[in-house]
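Input: a single structure, listed below in structure tokens.
Residue numbers (the numbering used here): 5 to 136.
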């Protein structure tokens, strides 16, 4: 079973993202900040990490840097979920190890496409919902 970690300081955003992922039957874990997420990754590295660009404790960029330096040979797919279309920040995140950037709000079609693109699912999900 594919393991997914959602990292977002906003409880409503975490719920919305978990709802978007529900059709895939992933084992979903949630962290409210980057420090807790790093501890979770040190114990058991997920296959997919969806991290908000706005975190408490440490920045999303710092989380990605630390994750990539402690991955123990594992290569999780890391989607940074950004609210601002800041090309420099997005480019830096990808340079530091994010796999892809998803611009909020995104819907199930965008998520499904990205999950397929990176080999996490093989079929399209049916429900259409939005992440705002």
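Every residue, glycine too, gets a C-beta built ideally from N, C-alpha and C.
Secondary structure of residue 66 (DSSP, three-state): helix. Classified as buried, residue 54 has 16 or more neighbouring CB atoms from the shown chains inside 10 Å of its CB. For residue 104, the enclosing beta strand (DSSP E) stretches over residues 104-107.
Beyond the five residues adjoining it in sequence on each side, residue 38 comes within less than 6 Å, by CB distance, of 59, 61, 62 and 67 in the same chain, given in chain order. Spanning the alpha carbons of residue 17 and residue 30 requires a straight line of approximately 18 Å.
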